[in-house]
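Since the structure comes first, as structure tokens, the remarks are kept for the end.
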Amino acid sequence: MITILLLLSVVSSQPVNGMPELPTPHPMMSQITPEIQMPNMQIAPPSPLPVEKISIDFKDEYLPTVGTLLLSTASLACRQLDTQYLSALDGEKQLYARIEEISKKEKTAKPDELIELRKQVDDMNLSMLKLKKQRIGMSEELGDILRTLGKNESTQLVNDLDLKKKVELYKNVMDFLASEKKKRKAEDKAIFDLDMKETMNKALQTVQVEKEVAEEQKKVFYATVNEFKARVMLLTEALTGFDHQLSVLASKSPLKYQVLEIAKREEERCKIEIIKIRSLLKKARKEKKGVIKTRKNGIQKARDELKELHKDLKDLKQKKIVKGKIAEFEADMKNVKKNCELNSILKEIKTIETKMSEEMNQRVVKGNQLAKQAETKYEKEAPLLCKMGNVRGFKLFKRLERLENRVSSFHN
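Just so you know, the sequence shown maps onto residues -18 to -1, 1 to 394 in mature numbering (1 follows the signal peptide of the UniProt record, and there is no 0).
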């Protein structure tokens, strides 16, 4: 093994193409100084400087505490805010003085100048408002800073820098806003309660107004009923006359056509009154429906108004009151038709109309019976006349009657 290694070393040292191989320098070797390339060279470290001992006294009064640093920082911040606060306050005073000067000029200013002066005053008022807002913000910051300190430090800083009024500005503003908010809330509640009462009164007034309208419609209904009763009296007289004519016919021996003529005349007279009575009955029904509709509409409007109010209410007690009133209105709507006092009157006149119609029909039937009896009686004496139809026979009868009257007048 050693022999092989020796042979390899000999072969590697042989020249190539008859030229001996030059050694290749290391790339970094040219940059190294001969001193550093020298073997076994040792460099001694530098000797340390002499250390001087210092005596330090670590007493507490020489070290700043956290509280001292906080107080110092807070004091610096408060001084800066105090300077800005006073600057803003001074700006407000200057603006106020300027506004007073302009106010004096307004007394003697011309109309055109007055407009310009008022514009300047408005601008200054706006600037004063901005400065006041800045002071309020600074007052809030002062309060925030002082709350980070202890009570004694905070009191000391307030006294040293005279910050009491400046800090209380924000508090007073907040108290004022809180009182205004509370006052406004109370006013809003009072206004809302008033609106609720007003809405309920308005709903009740709507019901009352529609009720009064319905009362006026009732008067029209009662007038129709009175007219109906007057027509019933006329019909009663007509039926009485019908009865009288039928009684006269029954006591004599009239021809069929005489009975038919008289019965038809009386029937037509009664029919005229019956038609008028039925027309008035129909009119009364329509007027009753109008009364009910008016009452329903009034109650429905009031109910809808209370429903809208119920949606806006937040107080449970108020909601309960309104809900109860809504339920009351809905019950009234359901019962308005049932409880209408016109129902009994309409039922009464309907009964009268039915009775009058039946009585008239009875008289018509009685007249037909008398005509039938007359036809049977004269069937043998005048068969041709009896066999004729009612229309032709009646015409012939009238002609004969006229001839008979003419003959009688001639003899006389």
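For every residue, glycine included, the Cβ atom is placed at its ideal position computed from N, Cα and C.
Pull up the CB-CB distance for residue i and residue j, whole angstroms please, since I reckon it's below 8 Å.
| i | j | result |
| --- | --- | --- |
| Ala266 | Leu216 | That belief does not hold up - the Cβ atoms of Ala266 and Leu216 are roughly 17 Å apart, past 8 Å. |
| Ile281 | Met315 | 5 Å |
| Met178 | Gln300 | 6 Å |
| Glu312 | Arg285 | 6 Å |
| Ile331 | Leu263 | 6 Å |
| Lys305 | His292 | 6 Å |
| Arg117 | Tyr67 | 6 Å |
| Asp225 | Arg388 | Going by Cβ atoms, the distance from Asp225 to Arg388 rounds to 33 Å, so no, they are not a contact pair. |
| Met120 | Glu74 | Actually they are not in contact, since the Cβ atoms of Met120 and Glu74 sit about 13 Å apart, beyond 8 Å. |
Checking 8 Å against the spacing of the C-beta atoms, do residue i and residue j come in under that value?
| i | j | result |
| --- | --- | --- |
| Leu151 | Cys60 | no |
| Leu352 | Leu228 | yes |
| Glu269 | Thr358 | no |
| Leu139 | Leu128 | yes |
| Glu335 | Thr181 | no |
| Leu143 | Asp64 | yes |
| Lys148 | Leu176 | no |
| Arg277 | Glu192 | yes |
| Ala56 | Leu131 | yes |
So the candidates are the options; which of them puts its Cα closest to the Cα of residue i?
| i | options | result |
| --- | --- | --- |
| Val318 | Lys253, Asp64, Lys268, Asn279 | Asn279 |
| Lys200 | Ile331, Leu324, Leu53 | Leu324 |
| Glu340 | Leu71, Ser85, Ser109, Glu249 | Glu249 |
| Asn343 | Lys354, Ala245, Gly272, Glu310 | Ala245 |
| Arg80 | Asp64, Ser57, Leu68, Asp104 | Asp104 |
| Ser54 | Phe210, Leu231, Leu108, Ser136 | Ser136 |
| Lys320 | Gly349, Lys271, Glu287 | Lys271 |
| Met338 | Tyr239, Asn154, Phe210, His226 | Phe210 |
| Glu83 | Ala356, Leu71, Leu99 | Leu99 |
| Ile257 | Tyr239, Thr276, Ser233, Val214 | Val214 |
| Lys234 | Ser85, Ala356, Val202 | Ala356 |
| residue 400 | Asn183, Gln102, Asp297, Arg251 | Nothing about residue 400 can be reported from this structure: the residues present for the chain run from -18 to 394 only. |
| Ile259 | Asn208, Val230, Lys302 | Asn208 |
| Asn350 | Arg384, Glu243, Leu96, Glu162 | Glu243 |
| Ser326 | Glu386, Tyr204, Arg345, Ala172 | Tyr204 |
| Asp294 | Lys171, Leu58, Lys164 | Lys171 |
| Cys322 | Pro236, Arg384, Ala196, Ala212 | Ala196 |
| Leu186 | Glu310, Lys92, Leu159, Tyr239 | Glu310 |
| Asp297 | Lys238, Lys253, Phe174 | Phe174 |
| Pro236 | Lys354, Glu198, Asp94 | Lys354 |
| Leu231 | Lys101, Lys348, Gln62, Ser161 | Lys348 |
I want to see whether chain C comes within less than 8 Å of residue i, judged by CB atoms only; does it?
| i | result |
| --- | --- |
| Tyr78 | Here there is only one protein chain, and chain C is not present. |
(message) For a minimum of 4 consecutive residues, which ranges assigned as the alpha helix (DSSP H) are wholly contained in the region 279 to 362?
(response) 298 to 317, 324 to 359
(request) Counting only runs of 4+ residues fully inside the region 102 to 186, write out the alpha helix (DSSP H) ranges in chain order. (result) 133 to 143
(message) Please give the ranges of any alpha helix (DSSP H) in the region 239 to 285, keeping only runs that are unbroken, at least 4 residues long and fully inside the region.
(response) none
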